[in-house]
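Asker: First, the structure itself, so that you have it in front of you.
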């Protein structure tokens, strides 16, 4: 039993961090499809940081910095240049995936995986068989709680919701929605960096190209599934992780009778079902972003 | 007229902005941006036979892009072209396997039919989820891409596995030469004819039929279309099916033309590039043809870079992604300049 829980925590934790980034962006009125790109940038920067600085703190700072700068770029394109959020988000994701591959190739001369000598600090033997999990796993529930407080119980959270839901009303009481969105995206960037760091340096200690494999998009789906609520979205992310872990378990049980590659698809199927259920439960989802604007110009 | 001039000017300006961003990224990564761009330019447009290469990559991209444009016009973000492309190719490969031995004039049309149906079905389920339940198609089609990728891995390492192959990449048994519609260079009269037929028929569909009219309106103002008595869900579902069928058609062309077999994870950037082509062309069919040639050239440069120039091919992915980041941007400045010019001229 322990090993299933460990597997779920390992695959779920990166997802939760990235999901929180999606939640804060969504509440500020931005549908963030660039999560995948920020996550892989965070993963790559963490491993490269460890390799070159031999310090986990510096590596994390580099990763957070890279993702924040990329978030500012995304904010500029979406907010100042009024680009379509979906397409610009996919572009940011493409930049993350391509940029990390290019970085690996230019530094090491090949696209092979890069391994780091050590990863994130472990939570220690105090936790028994869970001792090998990284401290980001332990911190994850506190982050979720802190986000709930931030979004639901602070002035900033209220402004964020105002900027997202009624930008015009927000502006009329002296809140600049554009600045609030910048803050939301930059905080989100830092979280994506942590998610990427946990993915690459939590238990694996290596980076390989495209290693996020759609986790950023799953996090985005968890935001919708969780109705933009930090706790709900985090639970949705854990649900996807549970399905994934059960798929791996099913492989061990059924062996060759069920094709291995199709079991790997279970989290994606769960995501589709999650989106479908949330649409059913809450009535038809609003179109994420109007397309009229894209065509009429 | 000015409107389309404005949009062309805007696209060009933001492509330049995207290229500047790429130059910054290349320099940070330690490559000379000048060297990189000249190699890309050479590989894409200047070397001997560049047009042939651009056509080889551009024609299937054009077909997929037309499908993307049709669903985007109707207001649906079907970004699952990659998955529909894969499933189309997989279905065609199965039919080719089952009918193996029959004459080519039977097998080839059947494969094309299967490819288009496969692609259409892979677009149908997100379409149904969207139109019946309101499940957001952005996520469902994205997940469809990942699922189709896994399906391709399964098919090429399971049912259709080429036992003789010893390469690292799993692939299916090669198609009989009689069933190929082009050699591995990938430009043949058949493929050009298919692309021309698709382009013409879809141009007519969009510009000369009530479906084209209604779907264009549905993308801008769905409420109005409903009020006019049109069945919004019919228009929407048809857009999903057409876009999926066209992506499946492109997958079939890649299978029966240049590739000759399925390989796991082949052409992973096809769908994304097709979306870019449709957007750069501002969702017009004719514009897509021009843009497809440009991005086809870039795609051919992705092979040219590592082999001939010794530079990483991910440079092309970065250029495409940077263009995606900026292509829907609207700058007030450009609009103002263009409006000023048109006033001065008029």
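Residue numbers (our numbering), protein chains in the order written: chain A, -4 to 292; chain B, 378 to 723.
The beta-carbon is built from N, C-alpha and C at its ideal position, and this holds for glycine as well.
Here the structure is a predicted model, which is why all the values come from computation and not from measurement.
What does DSSP give as the partner residues of residue 640(B) in its beta bridges?
Answerer: 548(B)
Asker: State yes or no: is the beta carbon of residue 263(A) nearer than 9 Å to at least one beta carbon in chain B?
Answerer: yes
Asker: Residues of chain B with a CB under 7 Å from the CB of residue 207(A): which are they?
Answerer: Under the 7 Å cutoff, chain B gives no residues; its nearest Cβ is about 11 Å from residue 207(A).
Asker: Nearest chain B C-beta to residue 237(A) closer than 9 Å, yes or no?
Answerer: no
Asker: Counting only Cβ pairs nearer than 9 Å, list the residues of chain A close to residue 703(B).
Answerer: 72, 76, 78, 83, 86
Asker: Sorted by chain position, which residues of the same chain lie with C-beta nearer than 6 Å to residue 2(A)'s C-beta, five sequence neighbours on each side aside?
Answerer: Excluding residues within five positions, the ones whose Cβ falls inside 6 Å are 240.
Asker: Is there at least one Cβ from chain B nearer than 9 Å to residue 289(A)'s Cβ?
Answerer: Any answer about residue 289(A) is weak, because its pLDDT of 44 lies below 50 and its placement is not dependable; what the coordinates show is given next. Yes, residue 289(A) counts as interfacial toward chain B.
Asker: Can you give me the Cβ contacts of residue 275(A) inside the same chain, cut-off strictly under 7 Å, excluding the 5 residues immediately before and after it?
Answerer: So no residue of the chain qualifies.
Asker: According to DSSP, is residue 292(A) part of a helix, a strand, or is it coil?
Answerer: Bear in mind that a pLDDT of 32 at residue 292(A), under 50, signals an unreliable position, so the model cannot answer this.
Asker: Sorry if obvious, but does the Cβ on residue 701(B) come closer than 8 Å to a heavy atom of the ligand COA?
Answerer: The ligand COA is not among the ligands present in this structure, which contains no ligands whatsoever.
Asker: Would you report the Cα separation of residue 461(B) and residue 139(A), rounded to the nearest angstrom?
Answerer: 37 Å
Asker: What residues from the region 37 to 48 of chain A come within 7 Å of chain B, judged by C-beta to C-beta, listed N to C?
Answerer: none
Asker: Below 8 Å on C-beta distance, what does residue 516(B) contact in chain A?
Answerer: 212, 215, 216, 219, 266, 267, 270
Asker: Verify the CB distance criterion: does residue 694(B) have a CB-CB separation below 9 Å to chain A?
Answerer: For residue 694(B), the closest Cβ of chain A is nearer than 9 Å.
Asker: Output yes or no for whether 9 Å exceeds the beta carbon distance between residue 270(A) and residue 201(A).
Answerer: no
Asker: Going by beta carbon distance, what residues of the same chain come within less than 6 Å of residue 656(B), once the five residues before and after it are set aside?
Answerer: 704
Asker: For residue 538(B), which beta-bridge partners are listed by DSSP?
Answerer: 549(B)
Asker: Hey, which unbroken runs of the alpha helix (DSSP H) at 4 residues or more fall wholly within the region 99 to 159 of chain A?
Answerer: 130 to 148
Asker: Which parts of the region 199 to 260 of chain A are runs of the alpha helix (DSSP H), unbroken and 4 residues or longer, counting only runs that do not cross its ends?
Answerer: 210 to 220, 225 to 249, 255 to 258
Asker: Curious, which full-length beta strand (DSSP E) runs of at least 3 residues does the region 439 to 466 of chain B contain?
Answerer: Listed in chain order, there is nothing to give.
Asker: I'd like to know whether the C-beta of residue 171(A) is nearer than 9 Å to at least one C-beta of chain B.
Answerer: no
Asker: Taking residue 183(A) as part of the alpha helix (DSSP H), name the residues at either end of that continuous run.
Answerer: 172 to 196
Asker: Would you say residue 50(A) lies against chain B (beta-carbon separation less than 9 Å)?
Answerer: no
Asker: For chain A, check one thing: does any of its Cβ atoms lie closer than 9 Å to the Cβ of residue 403(B)?
Answerer: yes
Asker: Under 7 Å between beta-carbons, which chain A residues line up against residue 530(B)? List them in chain order, please.
Answerer: 256
Asker: Give the residues of chain B in contact with residue 96(A), contact being defined as C-beta atoms less than 8 Å apart.
Answerer: 689, 691, 694
Asker: When you compare only the Cα positions, how much space is there between residue 67(A) and residue 177(A)?
Answerer: 7 Å
Asker: Is the beta carbon of residue 235(A) less than 9 Å from the beta carbon of residue 30(A)?
Answerer: With contacts defined as CB atoms closer than 9 Å, residue 235(A) and residue 30(A) fail to qualify as a contacting pair.
Asker: Restricting to Cα atoms, I'd like to know which of 558(B), 500(B), 689(B) is closest to residue 489(B).
Answerer: 558(B)
Asker: Taking only the alpha-carbon atoms, compute the straight-line gap between residue 660(B) and residue 517(B) and give it to the nearest angstrom.
Answerer: Going from the Cα of residue 660(B) to the Cα of residue 517(B) covers about 22 Å.
Asker: Quick one: give me the first and last residue of the alpha helix (DSSP H) that residue 697(B) is part of.
Answerer: 691 to 704
Asker: Grouping DSSP H, G and I as helix and E and B as strand, with all else coil, what is residue 38(A)?
Answerer: helix
Asker: Which ranges does the alpha helix (DSSP H) cover as unbroken runs of at least 4 residues, wholly within the region 396 to 437 of chain B, from first to last along the chain?
Answerer: 410 to 418
Asker: Three-state secondary structure (DSSP) at residue 608(B)?
Answerer: coil
Asker: Between which two residues does the alpha helix (DSSP H) harbouring residue 649(B) extend?
Answerer: 647 to 657
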